[in-house]
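S.K.:
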DNA sequence: CGACATCGTCTAAACGTTTCGACGACCGGT
DNA sequence: ACCGGTCGTCGAAACGTTTAGACGATGTCG
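Chains as they are written, first to last, in the numbering used here: chain A, 7 to 372; chain B, 7 to 372.
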């Protein structure tokens, strides 16, 4: 296998000239460059990676830490991994894959052996030990998702408030005059998870701005409670067996509490669901079971699902977390940390709306 | 960040002594080793990866090329990737992830820049350009799956014949006296795909050995034809609208052709399905639709599914391609190629049976 | 016509390992 | 007492780059 010395010899120059010619870091004479190019082609020269790492200041490798939690939706997860690899390649970076069991040990190893220039952290959870580790390692890193303590870290995530606002806008624009948000289980909000709260706040705030009454309900994970919560919302009052509506916040246009009577004319016709896949499915079942059809009777939007809503029956409009968008940005930020210093921050990616036909004008009678 | 010189200085020895102490490649005095260990701990020394690659003969990195074809079942795919990474780590190897769009270019790049010591090729198809590339690169490599031309390559795959035989044994042991195999579409066999054919052959051969009549039918992908094929098999004769049974091969215990009359007492009660996920689902629907229950009326085994059969209704016994088994072996073979030379070969992994309760004794009356 | 920047190239010093060969110390066998 | 062998250690040469510094040659501007 040819090395840079061979190229230099064939081209009749010194190795540094070859190096400069290839990197372009110093001007090289026209004829010389041509001779070098020719030699490179003739010898099929490709710089040795180890030599490059050692001599240069970069390894051109990023570590990607991607836990495979059992609650992960595999296709989405794969899409993220793929997106990171693709984005990294666009910057001439390769990606070293670290898995769950190696999470902290692996990060320590690859960073203190200087095998990687930086770290991309996928699927960040609220209390993610990798966040603290990355901070303490002081290695360039970009997290996709925001940990509980994001101080000193570079994070990328969807703009949840904007996503919620977008959902509200779509529904209001379609003519809906009463909205509901079915959220995560109570525990999620109490744990202080970032996004569910930001989504909720964005939802209520934009509804208030648009002058439309909106109700927010937390939804537990088991089917009866899901059905009860939906019932409570649709009936405009505590209706579920579990009294799920005690978890509800009703707000009028001015932000005040609004209590609809059962069967009230103000029952929401625009529903946003910000929950997990299973919850969506049960809700769809229950809606069908009640003889309501989407979007004729009810318009439904899936808020920031990490799964595929197009295979639901019916398919749901959604505002998904788009892998490519956040991964591209995360890689960019990682690369930028290597030269100019990027100050720590949480960077929000603009939401995009995926139309699958589950939103329409409300039935005139309602 | 401490380097080997620092360790040597603190321990009061030369760097080569440190290196030998850490690698164990030469005997080192007791006290000296202790001093070195102490210095390593004190300085939190970890060898620089680039230095190691350059000085040594290994990079301690494998490339993993994993296409993400759209017909891939994501959870299985992820399981393979995970299994490779885990297996590699057990040999102190890291894994560099190459994706589809980089398939050949990436392989060329990482191997000729000597960034990796070897290549693990996942999800190998019959005509896989990566197979030829790997052969021509002459880099240590292990393929999981067998390409059309496996000459000169090291491959690992499930033992499909043994898997089929295992399925037959289970059914015959349970008391079934007439079996059927529902296979892939005709085109798959005509294309010369290795495993479907080997599975079929193993199935028919073992059935003959056990003295049980068996019928094999190719099944196209669209629902009506799937139903027709199943109908043809269950009715023991051409029964499907499409005449699907013309694709059938009926064999008696001696290997001769056996033509059951419609509704014959010899209609198969033990069914093996070696096809894709969608086909399985339609078959299960059709079985339910005919008022047959599993395993009371019919015993069904999924042959080498790459997807999860435990979520089917009912769950199906299966003989899956187990990621960990093949990946562990592939990594082992890759590692072995680095020192002792491993001669090219196709290595078959023994099948394992996953019981989900879809096989039982046939109804006495049948 | 000097002063001075710029261009093009080279020499040489890193970068951090591994590993070969050498060498003294010590041991057992003759 | 001598020889061969193993043990423990060291010095030095790789491995293949990048890059700072030096140095003529060439061009520009006063």
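All C-beta atoms, glycine included, are put in the ideal place defined by N, C-alpha and C. Fair warning: this is a prediction, and the values are worked out from it, not measured in the lab.
#1: Does the CB of residue 108/A have a neighbour CB from chain B at under 8 Å?
#2: Please identify the residue among 142/B, 141/B and 130/B whose C-alpha is closest to the C-alpha of residue 149/B.
#3: Are the region 29-47 of chain A and the region 65-85 of chain A in contact at 8 Å, needing three or more beta carbon pairs?
#4: Starting from the beta carbon of residue 57/A, find every residue of chain B whose beta carbon is closer than 7 Å, and list them in chain order.
#5: Do the CB positions of residue 107/B and residue 92/A come within less than 8 Å of each other?
#6: If the cut-off is 8 Å on Cβ atoms, which residues from the region 75-102 of chain B count as contacting chain A, listed in chain order?
#7: Considering Cα atoms alone, identify which of 314/B, 174/B, 190/B and 192/B is closest to residue 216/B.
#8: Any C-beta of chain B sitting closer than 8 Å to the C-beta of residue 121/A?
#9: Return yes when the Cβ of residue 218/A is within less than 8 Å of the Cβ of residue 278/A, no when it is not.
#10: Are the Cβ atoms of residue 104/B and residue 56/A separated by less than 8 Å?
#11: Name the chain B residues that come within less than 8 Å of residue 53/A, Cβ to Cβ?
#12: If you draw a straight line from the alpha carbon of residue 23/A to that of residue 29/A, how long is it in whole angstroms?
#13: Using a C-beta cutoff of 8 Å, does residue 65/A count as contacting chain B?
#14: At least one CB of chain B closer than 8 Å to the CB of residue 105/A: is that the case?
#15: Applying the 10 Å Cβ sphere with the 16-neighbour rule, what's the burial state of residue 315/A?
#16: If you run the structure through DSSP and keep just helix, strand and coil, what is residue 2/B?
#17: Suppose you measure from the CA of residue 213/A to the CA of residue 303/B; what does that come to, to the nearest Å?
#18: If you check the beta carbons only, do residue 280/A and residue 321/A fall under 8 Å apart?
#19: In the DSSP assignment, find the alpha helix (DSSP H) that holds residue 104/A and state where it starts and stops.
#20: Report the option in 19/B, 120/B, 285/B and 97/B whose CA atom is closest to the CA atom of residue 62/B.
#21: I'd like the ranges of any alpha helix (DSSP H) spanning at least 4 consecutive residues and lying wholly in the region 54-81 of chain B.
#22: What separation, rounded to the nearest whole angstrom, lies between the Cα atoms of residue 267/B and residue 240/B?
#23: Any idea what DSSP makes of residue 369/B, helix, strand or coil?
#24: Would you call the region 107-117 of chain B in contact with the region 329-340 of chain B, where contact means no fewer than 3 C-beta pairs closer than 8 Å?
#25: Report the residue from 168/B, 136/B, 305/B and 330/B whose alpha carbon sits nearest the alpha carbon of residue 205/B.
#26: For residue 319/A, is the classification buried or exposed, using 16 other Cβ atoms within 10 angstroms of its Cβ as the cut-off for buried?
#27: Taking 8 Å as the threshold (C-beta atoms), are residue 273/A and residue 184/A in contact?
#28: How close, in whole Å, do the beta carbons of residue 222/B and residue 210/B come, if the pair is a contact with beta carbons under 8 Å?
#29: Count the other CB atoms within 10 Å of the CB of residue 431/A; is the residue buried (16 or more) or exposed (fewer)?
#30: Could you give the DSSP three-state label for residue 164/B: helix, strand or coil?
#31: Hey, how far is the Cα of residue 134/B from the Cα of residue 126/B?
#32: When you compare each of 145/B, 154/B and 7/B to residue 352/B by their alpha carbons, which one comes out closest?
#33: Alpha carbon to alpha carbon, how far is residue 293/B from residue 368/B? Give it in angstroms, no decimals.
#34: Expressed to the nearest angstrom, what Euclidean distance is found between the alpha-carbon atoms of residue 342/A and residue 98/A?
#35: Assign residue 78/B to one of two classes, buried (16 or more other C-beta atoms within 10 Å of its C-beta) or exposed (fewer than that).
#36: Can the beta-carbon of residue 159/B be found closer than 8 Å to that of residue 326/B?
M.R.: With the structure as the only source:
#1: yes
#2: 130/B
#3: These segments do not touch.
#4: 60
#5: In contact: residue 107/B and residue 92/A (Cβ atoms closer than 8 Å).
#6: 80, 81, 83, 84, 87, 88, 91, 92, 95, 100, 101 and 102
#7: 174/B
#8: yes
#9: no
#10: no
#11: 119
#12: 10 Å
#13: yes
#14: yes
#15: Under a 10 Å Cβ-count criterion, residue 315/A is classified as buried, with 16 or more other Cβ atoms of the shown protein chains found around its own Cβ.
#16: In the structure displayed, chain B extends from 7 to 372; residue 2/B sits before or after that span and is not available.
#17: 57 Å
#18: no
#19: Looking at the DSSP string, residue 104/A is not in any alpha helix (DSSP H); the run it does join, the beta strand (DSSP E), is 100-104.
#20: 120/B
#21: 55-61
#22: Unreliable positioning characterises residue 267/B in this predicted model, as indicated by a pLDDT of 40, which lies under 50. The coordinate reading is nonetheless provided below. If you take the alpha carbons of residue 267/B and residue 240/B, they lie about 11 Å apart.
#23: coil
#24: no
#25: 168/B
#26: exposed
#27: yes
#28: 6 Å
#29: Residue 431/A lies beyond the residue range present for chain A, which begins at 7 and ends at 372; the question has no answer from this structure.
#30: strand
#31: 14 Å
#32: 154/B
#33: Cα to Cα, residue 368/B sits roughly 15 Å from residue 293/B.
#34: 13 Å
#35: buried
#36: no
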